[in-house]
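**Student:** Quick one: this structure, given as structure tokens, is what I'll be asking you about.
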Amino acid sequence: MTKKLFFDTDCLSSFLWVNQENLLLRLYPGRIIIPNEVAAELSNPCIPHIRRKMNHMNSLGQLEKKQIVNGSEESRLFYEMIANPDKQVALIGKGEAAALALAKVYEGILASNNIKDILYYVYCVKTFRS
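Numbered per the working numbering, the sequence shown finishes at 115, counting up by one with no gaps.
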């Protein structure tokens, strides 16, 4: 089975900002998932060209938006990271937390370029251990 890639905001926007989303589409066709939280962050009115690109990719079926359902396992993980993290780590953004939670629950791959902020959650938090 081909695993889905769950993108956080910074990672996807890095490609969109420099007009290189075609690289993602060639490498990962049909595998690009963005949480609704990432879509909301990319819809910032200050960067309308990013929102347009994301919406265009979505309309062509090149990426899929995924909602975190209240009461689900991904919802529990998401809220634990954004509202109740371990005291020794800094809070992470909603886009990062959503991508992490969905990747874990759906056994996908996390696409992030912010390893410093998420490394703790990937390897150390009890909720992310298999």
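The C-beta atom is built at its ideal place from N, Cα and C for all residues, glycine as well.
1. Once DSSP output is grouped into helix, strand and coil, what is the label at isoleucine 100?
2. Specify whether the stretch 41 to 54 and the stretch 18 to 32 touch according to this definition: at least 3 beta carbon pairs, one from each stretch, less than 8 Å apart.
3. Which residues in the same chain have their Cβ closer than 7 Å to the Cβ of isoleucine 60, if we skip the five residues on either side of it in sequence?
4. If we count the other Cβ atoms within 10 Å of its Cβ and call it buried at 16 or more, is aspartate 71 buried or exposed?
5. Looking only at C-alpha atoms, which of Asn4, Gln5, Pro14 sits nearest to leucine -10?
6. Between which two residues does the alpha helix (DSSP H) harbouring leucine 8 extend?
7. Name the residue from Gly93, Lys89, Asn99 whose alpha carbon lies nearest to the alpha carbon of isoleucine 77.
8. Given this structure, state the Cα-to-Cα distance separating alanine 68 from glutamate 81, to the nearest angstrom.
**Tutor:** The short version:
1. The answer is helix: DSSP assigns isoleucine 100 an H, G or I state.
2. Yes, they touch.
3. Reading the sequence as shown, one finds serine at residue 60 and not isoleucine. Once the five neighbours on either side are set aside, the close Cβ partners of serine 60 are Ile53, Val54.
4. exposed
5. Closest by C-alpha distance to leucine -10, out of Asn4, Gln5, Pro14, is Pro14.
6. 6 to 12
7. Asn99
8. 13 Å
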